[in-house]
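4 protein chains.
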Amino acid sequence: MLIKKVKSEGLSHNSYFVGSENEAIVIDPRRDCQIFIDIAQQEEMTIKGIYETHRNEDYVIGSIELAQRTGAGIYHGSKLDFKYGQQLQDRQEFFFGKIKLISLETPGHTDESMSYALADLDLSEEPIMVFTGDTLFVGDVGRTDLYGPNEAQRLTEALYDSIFNKLLPLGDDVLIFPAHGAGSVCGGDISQREDSTLGIERTFNPLLQKTRKEFINHKTTERHTRPPYFLKMEKYNLEGPPIFNKLPTPPPLMPKTFLKQMKLGAVIVDTRQPPSFGGAHLKNSYSIWLERIPSYAGWTLPYDKPILLILEDKTYLNKAVCYLYRLGYDNLTGYLVGGIEGWYKQSLPLEHFGSISVHELKNWLNQKDDLFILDVREDEKWDQGHISGSINIFSGYLENRIEELPRGRPIIVFCNVGNRASLAASILTRAGFQDVHNVLGGMIAWKNAGYEITTL
Amino acid sequence: MLIKKVKSEGLSHNSYFVGSENEAIVIDPRRDCQIFIDIAQQEEMTIKGIYETHRNEDYVIGSIELAQRTGAGIYHGSKLDFKYGQQLQDRQEFFFGKIKLISLETPGHTDESMSYALADLDLSEEPIMVFTGDTLFVGDVGRTDLYGPNEAQRLTEALYDSIFNKLLPLGDDVLIFPAHGAGSVCGGDISQREDSTLGIERTFNPLLQKTRKEFINHKTTERHTRPPYFLKMEKYNLEGPPIFNKLPTPPPLMPKTFLKQMKLGAVIVDTRQPPSFGGAHLKNSYSIWLERIPSYAGWTLPYDKPILLILEDKTYLNKAVCYLYRLGYDNLTGYLVGGIEGWYKQSLPLEHFGSISVHELKNWLNQKDDLFILDVREDEKWDQGHISGSINIFSGYLENRIEELPRGRPIIVFCNVGNRASLAASILTRAGFQDVHNVLGGMIAWKNAGYEITTL
Amino acid sequence: MLIKKVKSEGLSHNSYFVGSENEAIVIDPRRDCQIFIDIAQQEEMTIKGIYETHRNEDYVIGSIELAQRTGAGIYHGSKLDFKYGQQLQDRQEFFFGKIKLISLETPGHTDESMSYALADLDLSEEPIMVFTGDTLFVGDVGRTDLYGPNEAQRLTEALYDSIFNKLLPLGDDVLIFPAHGAGSVCGGDISQREDSTLGIERTFNPLLQKTRKEFINHKTTERHTRPPYFLKMEKYNLEGPPIFNKLPTPPPLMPKTFLKQMKLGAVIVDTRQPPSFGGAHLKNSYSIWLERIPSYAGWTLPYDKPILLILEDKTYLNKAVCYLYRLGYDNLTGYLVGGIEGWYKQSLPLEHFGSISVHELKNWLNQKDDLFILDVREDEKWDQGHISGSINIFSGYLENRIEELPRGRPIIVFCNVGNRASLAASILTRAGFQDVHNVLGGMIAWKNAGYEITTL
Amino acid sequence: MLIKKVKSEGLSHNSYFVGSENEAIVIDPRRDCQIFIDIAQQEEMTIKGIYETHRNEDYVIGSIELAQRTGAGIYHGSKLDFKYGQQLQDRQEFFFGKIKLISLETPGHTDESMSYALADLDLSEEPIMVFTGDTLFVGDVGRTDLYGPNEAQRLTEALYDSIFNKLLPLGDDVLIFPAHGAGSVCGGDISQREDSTLGIERTFNPLLQKTRKEFINHKTTERHTRPPYFLKMEKYNLEGPPIFNKLPTPPPLMPKTFLKQMKLGAVIVDTRQPPSFGGAHLKNSYSIWLERIPSYAGWTLPYDKPILLILEDKTYLNKAVCYLYRLGYDNLTGYLVGGIEGWYKQSLPLEHFGSISVHELKNWLNQKDDLFILDVREDEKWDQGHISGSINIFSGYLENRIEELPRGRPIIVFCNVGNRASLAASILTRAGFQDVHNVLGGMIAWKNAGYEITTL
């Protein structure tokens with residue numbers, strides 16, 4: 012018996028390849044699904060089934076392509092009208108190799124959410140592992156806000172019951188395999204540790220220490236952000252996404268061709284790190300650092316325009332493409348030959364904005380009167396502590412609320428580390444703001460420096 | 012927090028790299044230890060400690076080289092007089108990142124055997140994982156026969172107490188990380204499944220279902236083989252092995268140079284699969300299929316002679332070298348250019364022996380009177396069922412017992428699949444036997460064919 | 012300026028990627044054309060043109076897929092009615108980066124054969140390199156027999172004139188880049204050395220030392236073999252082959268599924284080396300060693316039946332698939348899980364035949380009367396020297412001439428090394444012959460042993 | 012016969028692996044010589060000889076380590092008193108496989124410079140290739156200034172004679188394989204094209220179009236820079252460098268450890284691109300972009316201090332280490348965990364300077380009076396055209412001439428593209444200058460923008 016976790020970095024999503032005696036299944040395959048075919052070949056296994064824990068909202072699922080390429084069946088919950096695959100009832104059993112897989116309806120995160128318990132038939136018929144999807148994470152539980160505030164109470168009750176009445180009774184010794192790890196938008200406080208058991212969660216998961224009432228109260232008052240791309244994902248994962256069978260290969264574009272595409276309306280994503288972006292960038296480009304594409308792109312990029320990429324190094328192309336493809340951005344027109352150096356060697360126009368340290372900010376605060384400090388973190392984070400006098404507009408809402416900002420004053424953009432603030436700063440300069448500054452290190456550095464914060 | 016299992020295939024040995032917040036430790040590092048330095052770099056972590064679960068007897072440990080290259084300290088049990096590293100007492104605590112590691116004396120497999128419990132300080136001070144060394148495996152427990160029959164009773168009692176009084180009390184929900192997986196010579200019946208918890212083992216591990224008395228009785232009557240290379244490993248792992256800092260790179264040898272080295276006394280290891288070896292091989296070569304080097308080489312190869320390699324494909328060189336290096340075979344003179352084809356193109360002499368199917372064997376048994384069926388499996392396996400009339404000499408003892416075999420009769424060599432029998436057949440032909448035949452598929456195929464076996 | 016030679020091993024075919032200042036062309040792209048897209052990305056170049064030297068007959072060209080994926084135009088000679096691309100006249104000029112490419116009509120190998128001279132405009136307008144297709148190789152020239160004996164004289168005259176009047180006048184210092192290297196079926200005696208100039212060829216190429224008359228006489232009396240798959244290639248390369256956009260991924264098949272597919276009529280290709288195949292193989296399988304697929308498959312495998320693969324090691328799958336795909340074999344049903352061991356562990360039936368050394372053959376010749384020595388080399392090779400008493404049937408014709416062989420006698424199959432003979436032996440056993448033996452080392456070993464050959 | 016060119020990027024140095032029939036030689040092996048052992052294994056060849064074209068001055072040669080690891084002999088010219096290897100006379104002959112190698116004394120670049128002509132014995136005894144070292148490049152010839160102005164005339168005469176009397180007489184059709192390609196400090200104007208012949212060079216190499224007098228006049232008035240590390244290389248390559256047998260593996264250092272090492276006197280090399288460095292960097296760090304380490308490090312870094320690295324991405328570590336190792340910088344203390352972000356999250360102090368476009372510079376020139384424009388290109392480049400009013404101090408001399416710069420004025424640093432200027436700007440800020448600005452795009456962008464230059 013073999014379990015291979017396939018992580019999608021940035022999304023912090025886990026797919027699982029589970030095999031026994033030349034037969035295998037995949038749970039929640041990611042869109043770039045060649046990897047499952049590669050593992051199957053390496054292990055000399057045939058993929059017999061594809062099991063979805065729910066209609067995922069944060070990435071494009073690869074079930075249909077993988078099914079087409081392997082002949083495997085697709086299975087998911089019955090409480091949603093999927094346009095593909097087969098519906099499962101509670102406690103159906105599936106056998107492959109020496110494994111029994113048992114479907115468990117565990118509504119709460121969504122109505123159709125399923126978990127899958129697994130028994131190793133070499134041992135017994137009793138489950139010893141469970142794939143918990145977005146129902147139970149290591150150190151956290153699934154979001155229950157996705158259907159809107161009117162449904163949150165109902166979903167939260169369902170989630171509590173799914174965890175306490177369906178999952179925990181499987182036994183303390185049962186290993187858990189959730190759909191997300193730390194950093195996912197699907198859970199606020201998932202642990203860095205990946206390995207856990209129902210017993211460890213029962214004892215230590217802070218949410219599971221609460222009474223049902225406390226649990227419901229806590230979950231229904233949580234504030235999560237909900238990026239606009241979720242709508243696209245929900246549609247794709249209900250109906251099936253476009254199938255490409257391989258990753259897009261956007262071509263290298265010479266600066267002049269790149270410029271032409273810009274003028275035709277393509278959106279520019281500059282994937283370099285904040286100090287580089289601040290130092291020099293193209294007018295109208297978005298600053299989305301490569302490793303933050305999974306988190307920020309879905310807040311920022313439209314689906315109806317072509318996308319142009321700027322890379323620190325051309326070897327990053329594949330990673331950038333992968334990250335965008337998993338979010339359904341397939342319309343990649345090309346990337347800039349020679350990167351930013353290629354651009355400025357042609358004496359094409361550059362812009363830049365300031366990158367300052369927290370110490371410089373501290374000094375400025377003491378010296379300058381007209382600073383406008385824009386804190387672009389989630390409002391929950393802002394509530395927990397911020398620089399006195401700062402104004403909070405979450406970066407994801409900034410383009411729609413740009414009118415609230417004052418023109419003609421120095422704007423200091425502030426976030427947790429400096430990446431989100433770089434995106435926000437790029438949104439400001441796109442909107443014509445000048446005298447914009449990003450604070451490198453953000454709240455982490457501010458706190459490390461021992462500077463004062465307030466919750467007022 | 013991060014745990015990376017580093018598997019040494021063939022040995023079925025597991026080393027563990029455990030990291031948290033830029034600090035890491037390694038448990039039982041294998042000899043080719045560059046991989047731990049690579050992981051540390053990839054994760055931007057510093058290796059602070061190297062923990063040995065016991066003086067391993069089945070491979071060369073890489074602690075000293077890794078310590079030299081990283082500056083980490085080495086720790087092991089106090090009940091053996093190691094010539095390097097520091098001794099641990101029971102329940103010492105070590106901290107790195109957000110992890111607390113607790114040493115647990117768990118004698119039984121050996122006197123100095125240690126386990127290491129781990130607490131994730133982000134959760135609590137309570138252990139949630141335990142590295143169990145050769146004390147407890149998934150589905151099995153450690154051997155207690157290594158000190159000889161006089162000590163087995165004492166060790167077995169200690170093992171039982173270590174498991175029941177030290178490990179299981181940590182809690183059903185605690186994850187276990189043993190030093191070996193399925194296929195190891197250190198446990199007869201380790202499960203194919205790698206993930207487990209103390210609770211799963213408490214409930215399902217067949218050994219843990221026994222009473223103390225049954226357990227002791229079972230373990231003290233177990234029969235394990237003990238390859239002669241264990242002595243070398245024990246010496247190396249007590250005193251420290253030769254340090255090379257990189258894998259050996261045996262050069263390609265043209266057939267004539269290869270021949271010269273043969274004549275100077277080098278031992279030839281032919282790593283091709285049994286049907287190839289049977290089809291054509293060099294006089295005096297040993298048949299040890301690449302993937303069985305970890306299991307068979309230590310039974311067969313001397314430490315005081317240079318070794319020559321024959322490969323199916325030159326790309327296998329690194330794997331063969333790795334496997335031998337882990338067993339302390341450092342004296343690799345070279346490998347044959349062009350493989351066996353390179354040899355026979357030079358019209359150098361070839362030998363071959365028959366490879367027959369179980370059906371052919373069945374027919375021969377019906378037709379021929381003088382067949383000598385030599386079953387080279389472990390005697391325990393033979394006792395459980397064998398072909399009527401077959402004689403059992405375990406392959407590892409064959410060279411010493413070669414005088415027991417009849418000259419002048421067809422000898423059919425038989426094992427479980429055909430790999431061990433190929434080695435045995437090569438030992439026979441080295442000793443001048445002719446009319447030797449290997450049965451492809453061995454007992455597995457024999458049973459699959461529905462042919463009769465006996466336990467008499 | 013950059014030239015990357017992309018070699019297709021086995022076919023000994025060379026494609027060329029030529030780039031300058033972010034623009035590139037490809038000459039004779041092979042079918043698995045992702046590599047050109049990868050190079051283009053790595054070098055940040057755009058592929059602007061695809062140039063064919065002629066309708067290749069020995070592999071499937073990748074021009075159409077590469078054109079579709081890059082937008083590049085396709086160009087070829089005007090003397091054949093291609094169903095795609097654009098026709099070129101003599102001495103058309105194309106510019107990319109700082110390069111001028113000049114088309115040269117160089118008929119002879121075929122009527123539409125083109126060469127492409129290249130000038131580095133940083134130097135001058137004078138060509139300093141020439142891509143010579145199948146017109147001129149290092150140490151040899153192209154075949155002129157492909158249109159049949161009636162056309163050979165005309166083609167050979169054209170070839171001579173193309174070389175002497177078109178190519179050599181470019182200058183001794185001009186570097187040549189031919190479409191094939193040593194081992195190609197498109198040239199009998201291409202040099203192992205890859206680098207050459209027109210001057211070196213003018214001085215040392217044995218064919219270019221001849222007078223026009225000698226040249227024509229030599230070429231029109233050459234005997235080349237012409238594998239039947241050439242017809243398929245010619246059709247594909249005239250009209251365009253099926254487009255897949257990626258390599259096929261044949262699935263692993265469990266022995267019983269494999270058996271079922273066999274019974275449904277699939278053809279089995281066993282890619283292991285001859286001693287392995289001889290030692291044990293499946294009834295009815297063809298012995299085509301992995302590295303000889305490019306040479307032998309097109310003689311042996313039908314296009315209208317599915318193909319099953321047996322591999323020495325599953326990691327060879329990709330190579331085997333690649334080799335077959337380049338010859339247009341797309342219908343790959345799967346490969347055997349566990350290889351031959353997987354098969355015999357199931358006690359499924361095995362066959363084997365003898366693999367003997369040249370020394371054993373020599374002994375047998377002295378001892379046995381009824382040996383039938385079947386020499387399966389090309390008849391030209393046979394004429395140059397063979398074992399006295401041997402009968403020559405080229406392996407490629409063997410299936411059609413199988414009736415000429417005697418039943419009931421030991422048949423010794425003989426070739427140059429033993430690979431082709433292994434295929435021939437497998438053809439014999441498929442046809443029900445028994446007592447078949449392959450001679451390992453073949454004529455090379457026979458000669459190295461100093462044994463006698465005859466030309467009678 | 013096989014020739015593999017091993018390029019050392021940045022240095023633009025070529026080593027050559029030349030093999031025939033299982034025997035090989037290496038010409039000018041680079042220090043990280045594992046690659047030659049890997050090729051030898053891949054090709055199943057034995058390295059029999061190591062040939063040096065001269066005592067290289069721009070990198071550490073790997074001859075001794077490679078000789079120790081393979082048993083090959085080392086050969087070089089007799090006109091220098093090397094402390095290792097064997098001396099060659101003119102026209103000695105060496106045979107390996109089917110190759111004859113002929114040593115040719117070709118003094119001029121240095122007194123002991125050798126070329127090696129190669130005959131393919133399958134063809135004839137006549138050379139068809141020549142390895143020209145630093146004597147003749149594609150499009151250029153070797154430097155003759157290394158012994159100082161007093162010797163330049165003598166060396167240049169020797170070089171002319173070596174080329175015209177030794178090399179060109181080998182024949183127009185002879186292929187050349189020089190020790191350097193475009194971008195090397197050993198030749199000012201080597202062509203981007205890598206393939207050439209003596210005939211192409213005779214006809215098109217600008218230097219070879221001159222009369223002997225013109226040639227000597229041209230070469231003796233050339234101005235080359237001579238980085239101080241050449242002295243170290245010359246010593247190492249005369250006596251033998253330290254031998255490590257593998258690349259250094261500098262450990263990841265947490266910011267506080269990094270800071271401690273800084274304070275102990277380590278030198279910091281920040282390998283990020285200029286816009287990133289300008290945007291935010293550590294006080295006292297040098298800006299040497301990764302890909303310019305081979306060119307700039309030897310001008311800047313001392314050999315007697317430990318070196319600390321800052322990387323854009325930890326995956327670049329190996330490249331940075333490789334580049335430094337080839338220049339003899341072995342004392343690498345570590346690299347910064349988390350890169351610059353790791354630093355600023357700890358709220359450790361940052362510095363930054365401006366990165367401006369040529370358009371901004373143009374505007375400033377129109378608006379500001381007190382700009383000090385520091386052009387850090389080679390003086391020869393400056394003479395050919397510069398911004399009116401700029402002052403030229405070559406970056407390599409800047410630290411020694413820092414007193415010539417005015418304090419208290421804005422300093423605009425200018426070079427060809429912006430990389431060298433970034434290094435210069437970092438030298439200025441190390442020396443306490445403020446108000447420093449780097450011009451992104453440099454002279455290339457300035458010219459592309461059509462702005463005015465002067466030669467006055």
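Residue numbers (the working numbering), protein chains in the order written: chain C, 12 to 467; chain L, 12 to 467; chain W, 12 to 467; chain E, 12 to 467. All C-beta atoms in this analysis are idealised placements derived from N, C-alpha and C, irrespective of residue type, glycine included.
Do C:Ile-113 and C:Leu-132 have their C-beta atoms within less than 8 Å of each other? The residue you call residue 113 of chain C lines up with position 102 of the first sequence. The residue you call residue 132 of chain C lines up with position 121 of the first sequence. Contact: no.
Cβ-heavy atom distance between C:Arg-441 and the ligand SAH below 7 Å? By its list of ligands, the structure shown contains no ligand whatsoever, and the ligand SAH lies outside what it can speak to.
Which class does C:Ile-46 belong to by DSSP, given the choice of helix, strand or coil? For the purposes of this step, residue 46 of chain C is taken as the residue at position 35 of the first sequence. C:Ile-46: helix per DSSP, three-state reduction.
In this structure, how does DSSP classify L:His-370 when only helix, strand and coil are distinguished? In the second sequence, counting from the first residue as 1, residue 370 of chain L sits at position 359. If DSSP states are grouped into helix, strand and coil, L:His-370 belongs with the helices.
In chain order, what residues of the region 45-72 of chain C put their CB closer than 8 Å to some CB of chain W? Ile-48, Ala-51, Gln-52, Gln-53, Glu-55, Met-56, Thr-57
Quick check: is the beta carbon of W:Thr-369 nearer than 8 Å to any beta carbon in chain L? Working through the third sequence from its first residue, we reach residue 369 of chain W at position 358. It should be noted that the sequence gives Val, not Thr, for residue 369 of chain W. It does; some Cβ of chain L falls within 8 Å.
Grab me the residues of E:Asp-380's own chain with a C-beta within less than 6 Å of its C-beta, minus the 5 sequence neighbours each way, in chain order. Walking along the fourth sequence from the start, residue 380 of chain E turns up at place 369. Within the same chain, E:Asp-380 has no close Cβ partners at all.
Identify the contact partners of L:Asn-342 in chain E, using a Cβ-Cβ distance below 9 Å as the criterion. For the purposes of this step, residue 342 of chain L is taken as residue 331 along the second sequence, with counting starting at 1. What L:Asn-342 touches in chain E: nothing, since even the nearest Cβ is about 16 Å away.
Just to confirm before moving on: does the CB-CB distance between C:Ile-72 and C:Tyr-95 stay below 8 Å? Here residue 72 of chain C refers to the residue found at position 61 when the first sequence is read from its first residue. Here residue 95 of chain C refers to the residue found at position 84 when the first sequence is read from its first residue. Their beta carbons are not under 8 Å apart, which means C:Ile-72 does not touch C:Tyr-95 by this criterion.
Run through chain L and tell me which residues come within less than 7 Å of E:Val-348, C-beta to C-beta. Start at 1 with the first residue of the fourth sequence, and residue 348 of chain E comes out as number 337. Asn-33, Glu-55, listed in chain order.
Could you compute how far the alpha carbon of L:Tyr-334 sits from the alpha carbon of L:Pro-262? Taking the second sequence and counting its residues from 1, the one referred to as residue 334 of chain L is at position 323. Taking the second sequence and counting its residues from 1, the one referred to as residue 262 of chain L is at position 251. Distance between the alpha carbons of L:Tyr-334 and L:Pro-262: 17 Å.
Any C-beta of chain L under 8 Å from that of W:Asn-459: Position 448 of the third sequence, counted from the first residue, corresponds to residue 459 of chain W. Yes, W:Asn-459 lies at the interface with chain L (some Cβ there is under 8 Å from its Cβ).
Taking buried to mean at least 16 other C-beta atoms within 10 Å of its own C-beta, is E:Pro-360 buried or exposed? Position 349 of the fourth sequence, counted from the first residue, corresponds to residue 360 of chain E. Counting Cβ neighbours within 10 Å, E:Pro-360 comes out exposed, since fewer than 16 surround it.
Would you mind telling me which residues of chain L sit closer than 7 Å to W:Leu-361, beta carbon to beta carbon, in chain order? Within the third sequence, residue 361 of chain W is the residue found at index 350, counting from 1. By Cβ distance, chain L contributes Ser-368, Leu-451.
Quick one, are the C-beta atoms of W:Ile-282 and W:Tyr-327 less than 8 Å apart? Position 271 of the third sequence, counted from the start, is the residue given in the question as residue 282 of chain W. Position 316 of the third sequence, counted from the start, is the residue given in the question as residue 327 of chain W. The question names Ile, but residue 282 of chain W in the sequence shown is Thr. The answer is yes: Cβ separation under 8 Å.
Three-state secondary structure (DSSP) of E:Arg-204: Position 193 of the fourth sequence holds residue 204 of chain E. E:Arg-204 falls in the coil class under three-state DSSP.
Please classify E:Ser-74: does DSSP put it in a helix, a strand, or coil? Indexing the fourth sequence from 1 puts residue 74 of chain E at position 63. Helix, per DSSP.
Where E:Ser-173 and E:Lys-59 are concerned, what is the direct C-alpha to C-alpha distance, given to the nearest angstrom? Position 162 of the fourth sequence, counted from the start, is the residue given in the question as residue 173 of chain E. Position 48 of the fourth sequence, counted from the start, is the residue given in the question as residue 59 of chain E. Spanning the two alpha carbons is a distance of roughly 27 Å.
Within its chain, find whatever has a CB closer than 7 Å to the CB of W:Lys-221; leave out the 5 residues flanking it on each side and keep chain order. Along the third sequence, read from residue 1 onward, the residue named residue 221 of chain W stands at position 210. Cβ within range, chain order: His-229.
Which chain L residues are close to W:Ser-287, counting only those with a beta carbon under 7 Å from its beta carbon? The residue given as residue 287 of chain W occupies position 276 in the third sequence. Result: Gln-284, Pro-286, Ser-287, Gly-290.
Does any residue of chain W have a CB that is nearer than 8 Å to the CB of C:Pro-262? Numbered from its first residue, the first sequence carries residue 262 of chain C at position 251. Closer than 8 Å to some Cβ of chain W, the Cβ of C:Pro-262 qualifies, so yes.
With a threshold of 8 Å between beta-carbons, can W:Thr-208 be considered close to chain A, or not? The displayed structure is made up of protein chains C, L, W and E, and chain A is not among them.
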